[in-house]
Amino acid sequence: MGERDERKAAERLDRLVGDALAGRHLKATPSDAADREAIQVAARLAGVRDGYPRMTSAFRRRLTGLLERGEPPRVLNRRAALAAGLGLAAGAVGDAVASPLSGQLEGLVAARRAPAPAPSPHVQSTPKRPTIEPRPELSRWWDTGLHVADLADGIPHRVTAGAIGAFLVRRGDTVTGMSSVCTHYPCELIWQEDKKLLNCPCHNLAFDVDGQSTKENYALPALPYVRVRVSADGRVEVLGT
Amino acid sequence: MEQERPGQLGHRPAEVVELPASTAPPVDVALEELEFVYAYIFARVGNRADAEDLTQQVALKAIPRLREGASQGAIRSYLFATARSALASFWSARFGLPEEELREDTWVDSNQPEPAGESVERVERILSQLPSNYRKLLELRFLRGYSLKEVAAELGTTLGGIKVMQLRALRAAARVAGNG
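What follows is the structure in structure tokens.
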């Protein structure tokens, strides 16, 4: 293979690798057949980057509907998809959509390293933003297995608390939790280290580290907060189901 | 996590395990099994979008079996056989090659879910057999989430150079996997 051909093949392979790492569909074509083993091994490498993969809560919900109805899901129009996205993101699990959020929950829900064993969430008045509140009878605090010191400052860390997926972001002593589901389509967001953004692989929309939409003309709702608490010894817990 | 002896890695005979009849509703049983199927597929296609599409295909095909009230073991076997077939079709459609040519012979497949972490161990074994510069590149890019630009900076080369090196590293990894 000539140098030029090799460079061309390298460009092509990198595009495929970039898509896989961003969670997007693999767009390989018959023209890639010569490098199929390399592409398959790239897929294998990409497949282990998050450890043991699990279905997202949004996808699990979709499959449940599929199995119960026994037929493929209908294609959603934009309005229905937005409504579904908002509903799932706001509700995650539990019925946050059906249950109006109480006034005391609006604003930042974060946890500082607690001086006392059972710290209450730190609540600020602005910005106005929903918080996922699972039904009390279903909710429980999940130990994430993380210590505050495990969270790099300003870098989201994905965790699950039962059926709720969340990104935890530490700023100094404060840990904030927010939903890991996009508020557009119910897709799980992926942290892009190079861009410092939480990217939605379904439509390439993004949120910043604070969970705010980066789209200027058509800003999406911010990611709902998820309740977090930090025990006296620094263990991070998330309210899930 | 299940412990493996080094000599058995990738060569473990498939075990036939008949699971006891479940009292859980069929949908719950299927979801439990589909979680394993999803992990199995994700480990092979490497992205969530395709893994979800393929898992959904498998779920659709399983619906008639669920209605027949098959045992959990039978459902599991059927789901994994269907997943392998879906994966073969997936690669066949992309590369325009017959499915027989694309069976992943180099990766042992069985009708049982992989123990958590087995895919990781398998990848680590491949990486360990690569030259150090290739290994480092692939580790940074795939396992530590570096952008190609960051990898180039880390390895002290240009972006164009690192792309070519990535191609060579992946081809070398494919050869190692093929020989494994």
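From first to last, the protein sequence lines stand for chains A and B.
Heads up: the first sequence begins at 1 in the numbering used here, then just goes up one per residue.
Heads up: the second sequence begins at 1001 in the numbering used here, then just goes up one per residue.
Each residue gets a CB set at the ideal place from its N, CA and C atoms; glycine is no exception.
All figures in this text were calculated on a predicted structure; none of them were measured in a lab.
ask   = Which of the three DSSP states, helix, strand or coil, is assigned to Ile155(A)?
value = Assignment of Ile155(A) by DSSP, reduced to helix, strand and coil, places it in the coil class.
Residues near Phe167(A) by beta carbon distance below 6 angstroms, same chain, minus five either side = Excluding residues within five positions, the ones whose Cβ falls inside 6 angstroms are Pro156, Arg158, Met178, Ser180.
Residue ranges of each alpha helix (DSSP H) within the region 1139-1167 of chain B, 4 or longer = 1148-1155
ask   = Closer than 9 angstroms, CB to CB, is Lys1061(B) near chain A or not?
value = no
inquiry  = Please report the distance separating the alpha-carbon of Val175(A) from that of Gly154(A).
reply    = 10 angstroms
Per-residue DSSP class, three states only, for Gln192(A) = strand
Delimiting residues of the beta strand (DSSP E) encompassing Ala206(A) = For Ala206(A), the enclosing beta strand (DSSP E) starts and ends at 205-207.
message = Tell me the DSSP secondary structure of Asp35(A) in three-state form.
response = helix
ask   = Mapping DSSP to helix, strand and coil, what is Ser1110(B)?
value = Note that Ser1110(B) has pLDDT 49, beneath the 50 cutoff, so the model's placement of it is unreliable and no number is given.
request  = With a 10 Å radius around its C-beta and 16 neighbouring C-beta atoms as the bar for buried, classify Ser1077(B) as buried or exposed.
outcome  = buried
Leu21(A), buried or exposed, once every other Cβ within 10 Å from all chains shown has been counted against 16 = buried
task = Compare the C-beta of Asp14(A) against all C-beta atoms of chain B and say whether one is closer than 9 angstroms.
result = yes
key: Close Cβ partners of Asn199(A) (< 7 angstroms) along its chain, the five nearest in sequence each way excluded   = Ala22, Leu189, Ile190, Gln192, Ala206
query = Val236(A) by DSSP, collapsed to three states: which one?
reply = It is a strand residue.
inquiry  = Can you pull out the residues from the region 190-202 of chain A whose beta carbon lies closer than 9 angstroms to at least one beta carbon of chain B?
reply    = Ile190, Trp191, Gln192, Glu193, Asp194, Lys195, Pro201, Cys202
inquiry  = Less than 9 angstroms between CB atoms is the rule here; does Arg44(A) satisfy it with respect to chain B?
reply    = yes
inquiry  = Can you pull the chain A neighbours of Gln1129(B), defined as C-beta to C-beta under 8 angstroms?
reply    = Within chain A, no residue comes near Gln1129(B); the closest Cβ sits about 12 angstroms away, beyond 8 angstroms.
message = With distance defined between alpha-carbon atoms, name the residue in Asn1047(B), Gly1160(B), Arg1122(B) nearest to Lys8(A).
response = Gly1160(B)
Where Leu138(A) falls, given that 16 or more other Cβ within 10 Å makes a residue buried = exposed
request  = Quick one: give me the first and last residue of the beta strand (DSSP E) that Ser179(A) is part of.
outcome  = 174-179
request  = Going by DSSP, name the residue or residues bridged to Leu16(A).
outcome  = DSSP lists no partner for Leu16(A).
message = Using a Cβ-Cβ distance cut-off of 9 angstroms, determine whether Glu1099(B) contacts chain A.
response = no
key: Near-chain A residues of the region 1038-1050 of chain B - C-beta to any C-beta below 8 angstroms   = Tyr1038, Ala1039, Phe1042, Ala1043, Arg1044, Val1045, Gly1046, Asn1047, Arg1048, Ala1049, Asp1050
query = When the cut-off is 9 angstroms and only beta carbons count, does Gly1191(B) lie next to chain A?
reply = Beyond the ends of chain B as shown, which are 1001 and 1180, falls residue 1191(B); an answer cannot be given.
request  = Ignore the nearest five residues each way along the sequence and tell me which others in Lys1061(B)'s own chain have a CB closer than 6 angstroms to its CB.
outcome  = Thr1082
message = Can you pull the chain B neighbours of Thr29(A), defined as C-beta to C-beta under 7 angstroms?
response = Chain B residues near Thr29(A): Arg1094.
query = Between Gly234(A) and the rest of its own chain, which residues show a CB-CB distance below 7 angstroms, the 5 nearest in sequence each way excluded?
reply = Arg113, His147, Val148, Ala149
request  = Ignore the nearest five residues each way along the sequence and tell me which others in Ile1041(B)'s own chain have a CB closer than 7 angstroms to its CB.
outcome  = Ala1051, Leu1054, Thr1055, Ala1083, Leu1087
inquiry  = Using only the alpha-carbon positions, how far apart do Glu3(A) and Met55(A) sit?
reply    = 42 angstroms
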